[in-house]
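Chemist:
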Amino acid sequence: MFSSQILKICVVPSLAATAVQVVKTKNEPQNKEEECLMRPSELPLYTPEPTLKLQPVDHRSPQLDKIESAIRSLRVQLVKFNHEYNQYKKVGVQEFHKRKDELDWVVTYLQEENNTLPKVGAIGIGALTGLIFGLRGGYIKRTLYATIGALGIGAVCYPKEASEYGQIGVIEGKKYLLVTYNFVTGAKKDDPPTELPSLPPFPTSVTELWDSVKTSVTSLVSEKPENPDEKGELKAEKLAKSE
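Just so we're aligned: the sequence shown equals residues -25 to -1, 1 to 218 in mature numbering (1 follows the signal peptide of the UniProt record, and there is no 0).
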């Protein structure tokens, strides 16, 4: 029994140590072979290409930078001004069309046949407005201004009557103007009748006058700016025709 214990203590550990050494000796060449393996790109023959580091070189002068900054600030201000101008123009056009529609409604309301009291009030307001404009003058000036104001509003309220009386006034005015013209030029009875120089066309009624004013103002408001290229082409055509 004592001998078996000695064998367990001495022989078994020695056998285990020898077995471990044999296993290590078998595994060492495989590990060495694995460590020696390399890729073709890792061989010293394949050297990496040199990387070129490019640094930007600034050739701009400080004067050019100042000019560019000034132009940029000017363009920003122009764009801002153009935007504000378009906004104000849009608001102005809207207000103009709004007031125009209101004025058309008032004129249409005053031209109705049954609105006698509003017409009288409007004519009185016109006379009062003319009187206010002529306060700084004498009696004749105030009377003249008040009469003009009353007649103007009366023509708006009664366009047909104003057209008839206006035509009569134009005919009588031409007669008196012709007499004055003959008196100034020294014409006699035996001389052939003289004709007055042609005058520009005058509206025969207040409604025609009002329509012409509306169309002219509307065309001015809705008029688009001409293209500079078109202007240049028109000038070139005029020069070619003149030559």
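Where a beta carbon is used, it is the ideal one built from N, C-alpha and C, also for glycine.
(1) When you compare the stretch 111 to 129 with the stretch 85 to 102, are there three or more beta-carbon pairs, one atom per stretch, that lie closer than 8 Å?
(2) Grab the span of the alpha helix (DSSP H) containing Leu27 for me, first residue to last.
(3) Quick check: the Cα distance between Lys64 and His58, rounded to an integer number of angstroms?
(4) Quick one: what's got a C-beta closer than 8 Å to Ile123's C-beta in the same chain, skipping five residues either side?
(5) Can you tell me whether Ile146 is buried or exposed? The criterion is at least 16 other CB atoms within 10 Å of its CB, across all chains shown.
(6) Give the C-beta separation of Gly109 and Ala97 to the nearest angstrom, bearing in mind that I take them to be a contact with Cβ-Cβ under 8 Å.
(7) Could you have a look at Leu153 and say whether DSSP puts it in helix, strand or coil?
(8) Going by beta carbon distance, what residues of the same chain come within less than 7 Å of Arg111, once the five residues before and after it are set aside?
(9) Could you tell me the alpha carbon to alpha carbon distance between Tyr60 and Val66, rounded to whole angstroms?
(10) On the DSSP letters alone, give me the boundaries of the alpha helix (DSSP H) that Gln62 sits inside.
(11) Anyone know if the C-beta pair for Cys132 and Lys75 falls short of 7 Å?
(12) Consult DSSP for Gly161 and reduce its assignment to one of helix, strand or coil.
(13) How many Å lie between Leu119 and Val159 at the Cα?
(14) Can you grab the Cα-Cα spacing for the pair Gly148 / Arg50, in whole Å?
Modeler: Judging by the given coordinates:
(1) The stretch 111 to 129 and the stretch 85 to 102 touch, with no fewer than 3 CB-CB distances between them shorter than 8 Å.
(2) No alpha helix (DSSP H) contains Leu27, which DSSP labels as neither H nor E.
(3) Each residue's Cα considered, the two are about 10 Å apart.
(4) Apart from sequence neighbours up to five positions away, the residues of its chain that approach Ile123 with a beta-carbon distance below 8 Å are Gly105, ordered along the chain.
(5) With fewer than 16 Cβ atoms within 10 Å of its Cβ, Ile146 is classed as exposed.
(6) Not a contact, Cβ separation roughly 19 Å.
(7) Leu153 sits in a helix when the DSSP states are folded into three classes.
(8) Excluding positions up to five away in sequence, the list is empty.
(9) One C-alpha to the other measures close to 10 Å.
(10) Counting along the chain, the unbroken alpha helix (DSSP H) around Gln62 starts and ends at Pro37 to Leu85.
(11) Against a cut-off of 7 Å, the Cβ pair of Lys75 and Cys132 comes out as no contact.
(12) Reduced to three states, the DSSP call for Gly161 is coil.
(13) If you take the alpha carbons of Leu119 and Val159, they lie about 27 Å apart.
(14) Gly148 and Arg50 have their alpha carbons spaced roughly 60 Å apart.
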